[in-house]
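Remember, my numbering sits 5 above the position in the sequence shown when you count from 1.
Built from N, CA and C at the ideal position, the CB exists for glycine as well.
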Amino acid sequence: MKKLVLLFLAASALVLTPAHAQIPFSTNSKEVPTLAPMLEQVTPAVVNISVEGTRITQQRLPDAFQFFFGPNAPQNGTREQPFRGLGSGVIIDAEAGYVVTNNHVIDEATDITVTLKDGRQFAAQVLGRDEQSDIALLKIEGPDNLTAIAIGDSDDMRVGDFVVAIGNPFGLGQTVTSGIVSALGRGGFGADRLENFIQTDAAINSGNSGGALVDLRGNLIGINTAILGRTGNIGIGFAIPSSMMNDLIAQIIEHGEVRRGILGVRGGNLTQELADALNISRTRGAWVSEVVEDGAAAKAGIEAGDVIVSLDGRPLHSFAELAAKVGSMGAGRSVTLGLLRDGDELEVTVELEEHSVEAVAASMHAALQGAQLSTLDNEQGVRISAVEDNTPAHQIGLRQDDIIIAVNRQRVTSVGELRRLLDNAQGVIAMHVRRGSSTLYLVLPN
Numbered sequence: 006m007k008k009l010v011l012l013f014l015a016a017s018a019l020v021l022t023p024a025h026a027q028i029p030f031s032t033n034s035k036e037v038p039t040l041a042p043m044l045e046q047v048t049p050a051v052v053n054i055s056v057e058g059t060r061i062t063q064q065r066l067p068d069a070f071q072f073f074f075g076p077n078a079p080q081n082g083t084r085e086q087p088f089r090g091l092g093s094g095v096i097i098d099a100e101a102g103y104v105v106t107n108n109h110v111i112d113e114a115t116d117i118t119v120t121l122k123d124g125r126q127f128a129a130q131v132l133g134r135d136e137q138s139d140i141a142l143l144k145i146e147g148p149d150n151l152t153a154i155a156i157g158d159s160d161d162m163r164v165g166d167f168v169v170a171i172g173n174p175f176g177l178g179q180t181v182t183s184g185i186v187s188a189l190g191r192g193g194f195g196a197d198r199l200e201n202f203i204q205t206d207a208a209i210n211s212g213n214s215g216g217a218l219v220d221l222r223g224n225l226i227g228i229n230t231a232i233l234g235r236t237g238n239i240g241i242g243f244a245i246p247s248s249m250m251n252d253l254i255a256q257i258i259e260h261g262e263v264r265r266g267i268l269g270v271r272g273g274n275l276t277q278e279l280a281d282a283l284n285i286s287r288t289r290g291a292w293v294s295e296v297v298e299d300g301a302a303a304k305a306g307i308e309a310g311d312v313i314v315s316l317d318g319r320p321l322h323s324f325a326e327l328a329a330k331v332g333s334m335g336a337g338r339s340v341t342l343g344l345l346r347d348g349d350e351l352e353v354t355v356e357l358e359e360h361s362v363e364a365v366a367a368s369m370h371a372a373l374q375g376a377q378l379s380t381l382d383n384e385q386g387v388r389i390s391a392v393e394d395n396t397p398a399h400q401i402g403l404r405q406d407d408i409i410i411a412v413n414r415q416r417v418t419s420v421g422e423l424r425r426l427l428d429n430a431q432g433v434i435a436m437h438v439r440r441g442s443s444t445l446y447l448v449l450p451n
């Protein structure tokens with residue numbers, strides 16, 4: 006089987022080496038159709054993003070080490086590698102200064118600069134991000150007269166609807182391309198990702214990541230994120246639907262992190278073979294092969310063998326689409342699922358539970374390597390769920406069941422907030438920790 010490769014679109018360079026059926030075209034004085042009036046309203050909401058940072062890379066040490074150190078010589082080493090990158094973003098709230106982009110655009114960046122269409126530049130901080138869905142939320146302070154984009158409902162889009170992509174390809178500056186919706190509900194490219202992409206043939210290239218995909222009314226219906234293949238645009242690009250983005254951003258704004266909902270089922274796509282075996286006429290949907298005991302689905306009465314065909318009245322075409330939509334919704338949210346069971350159609354209401362996977366702290370700060378973190382239900386800190394012996398986290402003094410309550414005297418309410426405080430800390434980092442009935446301070450090395 007031919008392997009599909011997604012190319013994510015943030016442009017980077019290493020420093021060391023150096024809607025719908027009606028098409029509302031406007032017309033000019035010569036009665037020629039044009040999108041210019043719509044774009045004049047929308048493009049100020051699309052920004053360019055430049056990042057700088059340092060990555061830890063592996064390198065093979067010279068063979069001379071073998072001569073000096075013998076068989077105990079280290080075989081590999083690490084070094085810090087500076088990098089720069091370019092991408093795009095979309096202003097979704099002018100008053101708050103919120104900018105949405107892709108997680109891979111700002112991943113590992115220490116300095117993030119947002120450039121508006123009018124040339125003004127502002128430093129940005131990361132409020133939260135989600136690697137599985139590739140969404141990040143930034144905040145810029147200070148600017149006035151910002152323009153926010155109107156957010157549309159991506160669930161209303163149909164194959165054949167005209168769309169426009171706006172971004173910063175190859176660092177050229179703001180660029181607009183057009184096309185149609187080529188397909189909906191694309192996924193299956195990465196096993197550890199939430200994928201429910203809008204596919205488009207609008208030209209998308211390196212640097213377009215995080216930019217806007219809009220309908221002909223100027224409403225945001227997707228965040229451009231990837232193209233198919235290892236080279237440039239071949240007419241197959243992908244965008245994260247605005248409905249999925251909305252759910253994720255709402256959680257980041259409220260909690261500083263994504264508190265992912267979970268349904269508690271396993272399964273796969275409904276195929277013709279399965280449909281024949283189950284004696285049903287449909288060939289699209291999410292087939293449930295197993296229901297997790299005591300999970301949300303089990304409590305709602307979903308059974309193995311059911312086929313989930315809709316979510317909140319919207320048709321579902323695949324298990325990947327179900328997983329992406331449920332995974333983007335917050336824990337505690339109630340959804341209505343349409344089912345097929347033994348030829349009968351029925352609906353059930355499910356209250357999604359919180360995903361139980363805990364965060365591994367190594368991605369936040371090297372000194373926390375070996376610790377697992379989880380947010381307390383009452384938002385009174387971050388619990389150390391486990392600490393491996395002889396790891397950096399153990400060596401600085403962290404122990405299981407410790408509660409991190411503050412960083413440099415700033416209150417910690419969640420894993421996402423802890424990440425943000427550590428990312429933005431300058432100089433010495435002092436963590437205020439509660440252990441049982443006492444408290445202590447742990448200093449993290451620079």
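N-terminal and C-terminal residue of the beta strand (DSSP E) that residue 246 is part of
For the purposes of this step, residue 246 is taken as the residue at position 241 of the sequence shown. Its beta strand (DSSP E) spans residues 242–246.
Taking Cβ positions, are residue 157 and residue 214 nearer each other than 8 angstroms?
Numbered from 1 along the sequence shown, position 152 holds the residue referred to as residue 157. Numbered from 1 along the sequence shown, position 209 holds the residue referred to as residue 214. No, the pair does not count as a contact, with Cβ atoms beyond the cut-off.
Cβ-Cβ separation, residue 374 to residue 354 (assumed contact under 8 angstroms), whole Å:
Translated into positions along the sequence shown, residue 354 becomes position 349. Translated into positions along the sequence shown, residue 374 becomes position 369. Not confirmed; about 42 angstroms, so no contact.
In the region 285–345, which residue ranges form an unbroken alpha helix (DSSP H) of at least 4 residues, counting only runs that do not cross its ends?
301–305, 324–333
Counting Cβ pairs, one atom from each stretch, are 3 or more of them under 8 angstroms apart for the region 291–311 and the region 245–262?
no
For the candidate residues 316, 350, 54, 348, whose alpha-carbon lies nearest to that of residue 339?
Here residue 339 corresponds to residue number 334 of the sequence shown, with the count starting at 1. Cα-wise, what sits closest to residue 339 is 316.
In terms of residue numbering, what span does the alpha helix (DSSP H) encompassing residue 420 cover?
Here residue 420 corresponds to residue number 415 of the sequence shown, with the count starting at 1. Residues 420–429.
Looking only at C-alpha atoms, which of 216, 387, 415, 162 sits nearest to residue 186?
As a working note, residue 186 is residue 181 in the sequence shown. Taking only the C-alpha atoms, the option nearest residue 186 is 162.
So, does the region 257–272 touch the region 289–299, judging by three or more C-beta pairs under 8 angstroms?
yes
Pull up the distance between the alpha-carbon of residue 330 and that of residue 352, whole angstroms please.
Position 325 of the sequence shown, counted from the first residue, corresponds to residue 330. Position 347 of the sequence shown, counted from the first residue, corresponds to residue 352. When rounded, the distance between both Cα atoms is 17 angstroms.
Could you tell me which residues DSSP pairs with residue 55 in its beta bridges?
Position 50 of the sequence shown, counted from the first residue, corresponds to residue 55. 91, 118.
Considering only C-alpha positions, which residue in the set 116, 279, 178, 422 is nearest to residue 388?
In the sequence shown, residue 388 corresponds to position 383, counting from 1. With distances taken between Cα atoms, residue 388 lies closest to 422.
By a C-beta neighbour count over all protein chains shown, 10 Å radius and 16 as the cutoff for buried, is residue 139 buried or exposed?
Here residue 139 is taken as the residue at index 134 of the sequence shown, counted from 1. Its Cβ being crowded by 16 or more others within 10 Å, residue 139 is buried.
Nearest-angstrom Cα distance between residue 418 and residue 381?
Along the sequence shown, read from residue 1 onward, the residue named residue 418 stands at position 413. Along the sequence shown, read from residue 1 onward, the residue named residue 381 stands at position 376. If you take the alpha carbons of residue 418 and residue 381, they lie about 8 angstroms apart.
Among the candidates 260, 143, 221, whose CA atom is the shortest distance from the CA of residue 42?
Locating residue 42 in the sequence shown gives position 37, counting from the first residue. The shortest C-alpha separation from residue 42 is found at 221.
How big is the Cα-Cα spacing for residue 141 and residue 86?
What you label residue 141 is simply residue 136 of the sequence shown in a count that begins at 1. What you label residue 86 is simply residue 81 of the sequence shown in a count that begins at 1. One C-alpha to the other measures close to 23 angstroms.
Any idea which residues DSSP pairs residue 225 with across the strands?
Working through the sequence shown from its first residue, we reach residue 225 at position 220. The partner list for residue 225 (beta bridge, DSSP) reads 156, 219.
For residue 209 and residue 276, what's the separation of their Cα atoms in angstroms?
Here residue 209 is taken as the residue at index 204 of the sequence shown, counted from 1. Here residue 276 is taken as the residue at index 271 of the sequence shown, counted from 1. Taking the straight line joining both Cα atoms gives about 32 angstroms.
Going by DSSP, what residues sit across from residue 448 in a beta bridge?
As a working note, residue 448 is residue 443 in the sequence shown. Per DSSP, 435.
In this structure, how does DSSP classify residue 2 when only helix, strand and coil are distinguished?
Past the edges of the chain, shown from 6 to 451, lies residue 2, and the structure says nothing about it.
If you follow the alpha helix (DSSP H) that residue 400 is in, where does it begin and where does it stop?
Taking the sequence shown and counting its residues from 1, the one referred to as residue 400 is at position 395. 397–400 is the extent of the alpha helix (DSSP H) around residue 400.
Quick check on residue 404: buried or exposed, where buried means 16 or more other Cβ atoms within 10 Å of its Cβ?
Translated into positions along the sequence shown, residue 404 becomes position 399. Counting Cβ neighbours within 10 Å, residue 404 comes out exposed, since fewer than 16 surround it.
CB of residue 110 within 8 angstroms of CB of residue 52, strictly:
On the sequence shown, residue 110 is found 105 positions in, with the first residue counted as 1. On the sequence shown, residue 52 is found 47 positions in, with the first residue counted as 1. Not a contact, by the Cβ cut-off of 8 angstroms.
As assigned by DSSP and simplified to three states, the class of residue 391:
Within the sequence shown, the letter at position 386 stands for residue 391. Three-state DSSP puts residue 391 in a strand.
Under a three-way DSSP split, which group does residue 281 fall into?
Residue numbering aside, residue 281 sits at position 276 when the sequence shown is read from its first letter. Here residue 281 sits in helix by DSSP.
Between which residues of its own chain and residue 179 is the CB-CB distance below 8 angstroms, once the five residues before and five after are set aside?
For this step, residue 179 is matched to residue 174 along the sequence shown. Correct list, in chain order: 48, 51, 53, 122, 171, 172, 173.
According to the Cβ coordinates, are residue 410 and residue 370 closer than 8 angstroms?
Start at 1 with the first residue of the sequence shown, and residue 410 comes out as number 405. Start at 1 with the first residue of the sequence shown, and residue 370 comes out as number 365. Cβ distance not < 8 angstroms, so residue 410 and residue 370 don't count as in contact.
Where DSSP assigns a beta bridge to residue 172, which residues make up the other side?
Locating residue 172 in the sequence shown gives position 167, counting from the first residue. DSSP lists 180 as partners of residue 172.
Local Cβ density within 10 Å of residue 103, reported as buried at 16 or more and exposed below that:
Position 98 of the sequence shown, counted from the first residue, corresponds to residue 103. The residue in question, residue 103, is buried, as its Cβ has 16 or more Cβ neighbours within 10 Å.
Straight-line gap, residue 199 to residue 228 (C-alpha atoms, nearest Å)
Within the sequence shown, the letter at position 194 stands for residue 199. Within the sequence shown, the letter at position 223 stands for residue 228. Distance between the alpha carbons of residue 199 and residue 228: 14 angstroms.
May I ask you to report which of helix, strand or coil DSSP gives residue 254?
For this step, residue 254 is matched to residue 249 along the sequence shown. DSSP places residue 254 in helix when its eight states are reduced to three.
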